[in-house]
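Engineer: I'd like to ask you about the structure that follows.
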Amino acid sequence: MTIIISIIIIVLLLVVLILNALFLYLQKRGSKALGGTAPQIKRDPGLDERTAEFLKLKKETWTIKSKFNDNKLVGWFTENDSDTTVILVHGFAVDHTSLDIHAQLFNHLGYNVLQIDNQAAGQSEGKYMGYGYIESRDLLDWIDELLKHRANDKIILFGASMGAATVMLTSGESLPDNVRAIIEDSGYTSVEDILSYHCQKRYKIKGRVMIKGASMISKFRAGFFYGQADCQKALAKNHVPVLFMHGKNDFTVPIEMEKKLSTCGNFSRMVYDSLGVHIRSYYVDSIKYQKTVENFLARYL
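In this note's numbering, the protein residues as written are 961 to 1261.
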């Protein structure tokens, strides 16, 4: 009996060690769990030049403390003499600079922009990424911080990939009336769905049991279960207009997820599909992308 108990304990310890290793692979700073370096794609004429000019503009550095876990977070505010500010939320294992081209777009349209580094990214503190859940808690803090500086500003939330999941998860919360619109580019339905998709795509397994196990470790080490990051459930509670933007050739987040997201809940919405890849629709279809954003925001600002 003692031998059997010892074997059981050893097996359980091995399982925990394996699940902990999986958790680290999925959530540690710099993880490549959703893919490696993004492919280089030629941008439409003028975009690089406009982005370079945007980067020369004066930026204020803002810092806050996350109410979720007390980590220091950093953001950069670019004033544009506007009463509307766009908060840009970047994706998985990158930082705010990955959305410089999109920040340029909103600046070009006449808005102020606040670019933030998520937890475990760029200059912000944190060991673990939250697949949109931790980031959505922090986005609420960033909204509060923006309103401390600019109490009457109208707010647009823009997110790409994991950042898109972040803004969708935030949509299910009680938001101030200042938040007028949400734009999500290439977001996924839930953490469990996107991890299962990549398990099947890369390793030809569903991996749902392993993902559930890693979720338990995530709750202990990062403070949340994967099931708490379900964008469809959040959108079911949302009342803010949403623009869904996806590329039909996106193999990081399949276009089928957009169809599930864009049919959730009872709120105003627009859908824009391009032939682009993951978060690159604006690069190759910039005129239509910009026009779609302009038409959407004209309805609600």
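Cβ atoms here follow ideal geometry from the backbone N, Cα and C, with glycine treated the same way.
By the 10 Å Cβ neighbour count, where 16 or more other Cβ atoms means buried, how is ASN1269 classified, buried or exposed?
Structural biologist: Residue 1269 lies beyond the stretch modelled for the chain, which goes from 961 to 1261, so this question has no answer here.
Engineer: Can you tell me whether DSSP reads VAL1202 as helix, strand or coil?
Structural biologist: Note: VAL1202 maps to strand in three-state DSSP.
Engineer: Let's test the definition: count the other Cβ atoms within 10 Å of the Cβ of PHE1211 and tell me whether it reaches 16, buried, or not, exposed.
Structural biologist: Its Cβ having fewer than 16 others within 10 Å, PHE1211 is exposed.
Engineer: Tell me which residues share the same chain as LYS1220 and place their Cβ nearer than 8 Å to its Cβ, disregarding the 5 neighbours each side in the sequence.
Structural biologist: Contacts found: THR1149 and GLN1192.
Engineer: Rounded to whole angstroms, what's the CA-CA distance from ARG1240 to CYS1159? Just pull it up for me.
Structural biologist: The alpha-carbon atoms of ARG1240 and CYS1159 are separated by roughly 23 Å.
Engineer: Entirely within the segment 1052-1137 and at least 4 residues each: give me those alpha helix (DSSP H) ranges in chain order.
Structural biologist: You should have 1060-1068, 1093-1109 and 1122-1131.
Engineer: Taking just the CA atoms, how far does PHE1066 sit from CYS1224?
Structural biologist: The alpha-carbon atoms of CYS1224 and PHE1066 are separated by roughly 27 Å.
Engineer: Determine the burial state of ALA1111: buried for a count of at least 16 other Cβ atoms within 10 Å of its Cβ, exposed for fewer.
Structural biologist: So ALA1111 counts as exposed.
Engineer: How many angstroms separate the CA atom of GLU1254 from the CA atom of LEU1069?
Structural biologist: Those two C-alpha atoms are separated by around 8 Å.
Engineer: Thinking C-alpha only, which one of LEU1074, LEU1195, ASP1030 and THR1044 is nearest HIS1050?
Structural biologist: HIS1050 has its Cα closest to that of LEU1074, out of LEU1074, LEU1195, ASP1030 and THR1044.
Engineer: Do you know whose CA, among VAL1046, ASN1031 and ALA1053, lies nearest HIS1062's CA?
Structural biologist: The option with the nearest alpha carbon to HIS1062 is VAL1046.
Engineer: For the alpha helix (DSSP H) containing THR962, list its first residue and its last residue.
Structural biologist: Counting along the chain, the alpha helix (DSSP H) containing THR962 begins and ends at 962-987.
Engineer: Strictly by DSSP, which residues pair up with TYR1232?
Structural biologist: The partner list for TYR1232 (beta bridge, DSSP) reads MET1205.
Engineer: Quick one: give me the first and last residue of the alpha helix (DSSP H) that GLY921 is part of.
Structural biologist: Residue numbering for the chain in the displayed model covers 961 to 1261; residue 921 lies beyond these limits and cannot be assessed.
Engineer: Give me whichever residues DSSP pairs with LYS1019 in a beta bridge.
Structural biologist: For LYS1019, which the question treats as bridged, DSSP gives no partner whatsoever.
Engineer: Just to confirm, are TYR1260 and ALA1141 a CB contact at a threshold of 7 Å?
Structural biologist: In this structure, ALA1141 lies closer than 7 Å to TYR1260 by Cβ.
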